[in-house]
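So the sequence shown is numbered by UniProt numbering: it starts at 1 and just counts up by one.
Beta carbons: idealized from backbone N, C-alpha and C, even for Gly.
Here the structure comes first, spelled out in structure tokens, and everything after it is commentary.
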Amino acid sequence: MIPVILAGGNGSRLWPKSRVAYPKQFLALTTDESMLQNTLSRLPKEGMQAPIIICNEAHRFLVAEQLRQVATHHNGIILEPVGRNTAPAITLAALNALANDPEATLLVLAADHVIQDESAFATAIKDAEILAAQDKLVTFGIVPQQPHTGYGYIQSGTSIQHQQNTIGFTVSSFKEKPDMRTAQDYVGSGQYFWNSGMFMFKAKTYIAALEQFAPEILQYCKAAVAEQSLDLDFIRIPETIFAQCPDDSIDYAIMEHTDAAVMVPLDAGWSDVGSWTSLWDLAEKDAHGNAVSGDVMLHNAKNNYVNSEGRLVTLIGCEDLVVVETKDAVMVAKQNAVQDIKHIVNQLKATERPEFEFHREVFRPWGSYDSIDHGQRFQVKRISVKPNEKLSVQMHHHRAEHWIVVSGTAKVTIGDKTVLISENESTYIPIGEVHALENPGKIPLELIEVQSGSYLGEDDIVRFSDRYGRSE
């Protein structure tokens, strides 16, 4: 079985932690590992091949680095040049899997879900595998804990038996997100399950369903895979072809039309972490219902969720609030209004604020930089370079740079000269000078960069060579 991990999406409902350049699937929200890493670690140890990961092109190095951190090999990191929803994404994975194994079975999972009971999850996978072997298209239905208007629902039909045990149900119908009255009726009937967005099927069974119900998706995905290329660890899909593919979910394209759809119930402490209140639900709380993370002090406070990234956050006499602090933003909302974060995110996008897309600390394949101060004609950054990594050979038209090494050793090339700069030493790169920075050591290189000049934007970089394929 091949896990297919869908790691696209921007997770805007968890702003300011989750942003376009670093969305929620790459954040450590419920454990010390990211949600993607948690998804990989909960996979059963037996019977699983290396996963196929599907992500946005902009997140490719985040995915590769997070797989490296947990020593996970992969069967391909497929880069979507544009988002086309789940049906085309899964189709790309299915076609790549079939190229290596005509009998491949796929376990399709989102990278940003929480599953607390991994034993129950493993049991559901075994039940689903029995049905997938019978050429069924299996979806996992979450046993609802309460009425919820934020999820679609699956209506169960006839029970499916295996060795005198019920392992699943036929699918009677799929329902859109209901109003509260309808959700209460659904849950009260015992026949409805939350639609989890997780699936299992043979790759060839899924492709056959596409041929019947969504041939245009299959047509464009086949054409794109025929022209795909390898770039380092990544599989690049041609945008000119894939952009023509219909934008459709697997539910709308396939599952709502096929007679082969079946559902395996899953009661495993599942959450799609769709809002800050979801994290409050999952978190451990004090005697007054407060869930806190980071440097937080409370007095006479009840039922609050407080997440501090760095600074001390205090709440006095507050109830039912969500407070999230990052290096460059603070978000405060009533618990029952967190769904309106989207309006703030839309304002940030409309006014082209950097907080819409980036955190103050920006991650790159070689390490990271943190913009710690800026003003007219200057900017100060803290730069961290991983061992044996190198920034591109580059030049700036409008700024000069001063580098001060704080720890580690820097190998610096300026023009045709290369020197080693140690802790407490510095160097200067004039405007227009071709230069490069490398960490030749075994520990991270930390340095302070002071930029000065008439323009300090990140687009004032001319790359001459780059080991990560980013040169012009």
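Alpha-carbon to alpha-carbon, residue j and residue i
i, j, result
"F234", "G8", "15 Å"
"V450", "K349", "28 Å"
"M297", "V323", "12 Å"
"A337", "S18", "18 Å"
"T72", "K45", "12 Å"
"V292", "A111", "24 Å"
"F121", "A268", "6 Å"
"T139", "P178", "20 Å"
"L279", "G289", "13 Å"
"H59", "P81", "11 Å"
"Q184", "F174", "16 Å"
"P23", "G11", "5 Å"
"E361", "N96", "35 Å"
"F201", "Q134", "9 Å"
"E423", "I461", "26 Å"
"S41", "I207", "28 Å"
"F26", "L67", "11 Å"
"A333", "D340", "9 Å"
"I167", "A64", "36 Å"
"Q69", "V264", "32 Å"
"T31", "L282", "11 Å"
Helix, strand or coil at residue i according to DSSP, with G and I counted as helix
i, result
"Q163", "coil"
"A287", "coil"
"N303", "coil"
"A87", "helix"
"A209", "helix"
"N388", "coil"
"H402", "strand"
"residue 473", "Nothing about residue 473 can be reported from this structure: the residues present for the chain run from 1 to 472 only."
"D231", "strand"
"K136", "coil"
"residue 480", "No answer is possible for residue 480: it lies beyond the span of the chain, which begins at 1 and ends at 472."
"residue 476", "For the chain, the structure presents residues 1 to 472; residue 476 sits outside this window and is missing."
"P3", "strand"
"I237", "coil"
"F363", "strand"
"C55", "strand"
"W280", "helix"
"I461", "coil"
"S41", "helix"
"S189", "helix"
"N336", "helix"
Cβ-Cβ separation, residue j to residue i (assumed contact under 8 Å), whole Å
i, j, result
"L232", "G469", "6 Å"
"I383", "L447", "5 Å"
"N304", "C318", "6 Å"
"V20", "I54", "Actually they do not touch by this definition, with Cβ atoms about 17 Å apart."
"V380", "V262", "Wrong, their Cβ atoms sit about 58 Å apart, outside the cutoff."
"R364", "G453", "Going by Cβ atoms, the distance from R364 to G453 rounds to 21 Å, so no, they are not a contact pair."
"W270", "H113", "6 Å"
"T409", "P440", "6 Å"
"W366", "V345", "That belief does not hold up - the Cβ atoms of W366 and V345 are roughly 29 Å apart, past 8 Å."
Exposure of residue i, with buried meaning 16 or more beta-carbon neighbours within 10 Å
i, result
"H396", "buried"
"G47", "exposed"
"F464", "exposed"
"M1", "buried"
"I443", "exposed"
"E284", "exposed"
"residue 480", "The structure shown does not extend to residue 480, since the chain is modelled only from 1 through 472, so no value can be given for it."
"V330", "exposed"
"Q228", "buried"
"V225", "buried"
"S405", "The question names Ser, but residue 405 is Val in the sequence shown. Classification of V405: buried, given that the 10 Å Cβ count is 16 or more."
"Y428", "exposed"
"T326", "buried"
"A287", "exposed"
"I316", "exposed"
"F199", "buried"
"F242", "buried"
"N300", "exposed"
"L420", "exposed"
"L312", "exposed"
"A87", "buried"
"T39", "buried"
"H343", "exposed"
Any non-hydrogen atom of the ligand COA within 7 Å of residue i CB
i, result
"Y22", "In the structure shown, the ligand COA is absent, as is every other ligand, since no ligand is present at all."
Checklist entry - So, do the stretch 148 to 163 and the stretch 115 to 125 have three or more beta carbon pairs nearer to each other than 8 Å? => result no
Next on the checklist: With three or more beta-carbon pairs closer than 8 Å as the criterion, would you say the stretch 90 to 106 touches the stretch 22 to 37?
Outcome noted: no
Next on the checklist: Is it the case that the stretch 257 to 272 contacts the stretch 235 to 249, given that we only count it when at least three CB pairs across the two stretches are under 8 Å?
Outcome noted: Flag = no, the stretch 235 to 249 and the stretch 257 to 272 do not touch.
Checklist entry - Do the stretch 269 to 277 and the stretch 122 to 139 touch if we need at least three Cβ pairs shorter than 8 Å? => result no
Checklist entry - Contact between the stretch 212 to 222 and the stretch 87 to 96: three or more CB pairs below 8 Å? => result yes
Next on the checklist: Whether or not the stretch 133 to 149 and the stretch 185 to 197 are in contact is what I'm after, with contact meaning three or more pairs of Cβ atoms, one per stretch, closer than 8 Å; do they touch?
Outcome noted: yes
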